[in-house]
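Visitor: In terms of my numbering, the sequence shown is residues 2 to 128.
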Amino acid sequence: MNVKIIGGTPLPNMPWQDKPADCSDVLWRYTENPVIRRDQIPCSNSIFNSAAVPFGNGFAGVFRVDDKARNMQLHAGFSDDGIHWEIVPERIEFVRSDPSLQPFQYGYDPRVCFIEDRYYVTWCNAM
C-alpha cells in the first residue's frame, strides 16, 4: 500500500498493515491486537494507547494506565517499531509552575503534539 502523509514529514518506519481482502470497513484493526497488554506493567489493570508520536528513531507515547484500584494515571512509553512497547512503570510526575493551576489528580485521553522545537502533552484532568 502506498501511504501519503499530508502536510508532514514521511514516516518510513511507521507500522502499517494492509487492509484485509475481506474487509469493507473504512478502518481496520491490526491483526495482532492488542499491541499493548492491559497488564503490561505490574501496577496496571488496563492501558490505553491514545498518544503516540515519532520520537528519535522510534516512537514515544503517553498512556492512560488504570491501576488495580482503577485510578487513572499517565505513563510514558517507548518503542523502536511502534508495535513492541516498553511502558515506564512509574507515572509521569507533573510539576506546576503556577500555583493557581489545578494539581494533577487523575488523567485520561492524553495527546502529544510536536510544535516547533518541543513536544506538548495535553490531557483531561480531574476537577
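Ideal placement from N, C-alpha and C gives every residue a C-beta, glycine not left out.
Kindly confirm or deny that the region 37–46 and the region 57–68 touch, where touching means at least three C-beta pairs closer than 8 Å.
Guide: yes
Visitor: Does residue 111 come out as helix, strand or coil in the three-state DSSP assignment?
Guide: strand
Visitor: Leaving out the 5 sequence neighbours to the left and right, which residues in its chain are closer than 7 Å to residue 109 when beta-carbon positions are compared?
Guide: 65, 73, 124 and 125
Visitor: What number of angstroms, rounded off, separates the C-alpha of residue 121 from the C-alpha of residue 59?
Guide: Counting only the Cα atoms, residue 59 lies some 18 Å from residue 121.
Visitor: What three-state label does DSSP hand residue 122 in the structure shown?
Guide: strand
Visitor: In whole angstroms, what separates the C-alpha of residue 116 from that of residue 21?
Guide: Approximately 35 Å between the Cα atoms of the pair.
Visitor: Identify, in the order they occur along the chain, each residue of the same chain with its Cβ nearer than 6 Å to the Cβ of residue 129, setting aside the five sequence neighbours on each side.
Guide: No information on residue 129 is available, as it lies outside the stretch 2 to 128 that the chain covers here.
Visitor: Would the beta-carbon of residue 93 fall within 8 Å of that of residue 75?
Guide: yes
Visitor: Where do the N-terminal and C-terminal ends of the beta strand (DSSP E) with residue 75 fall, by residue?
Guide: 73–80
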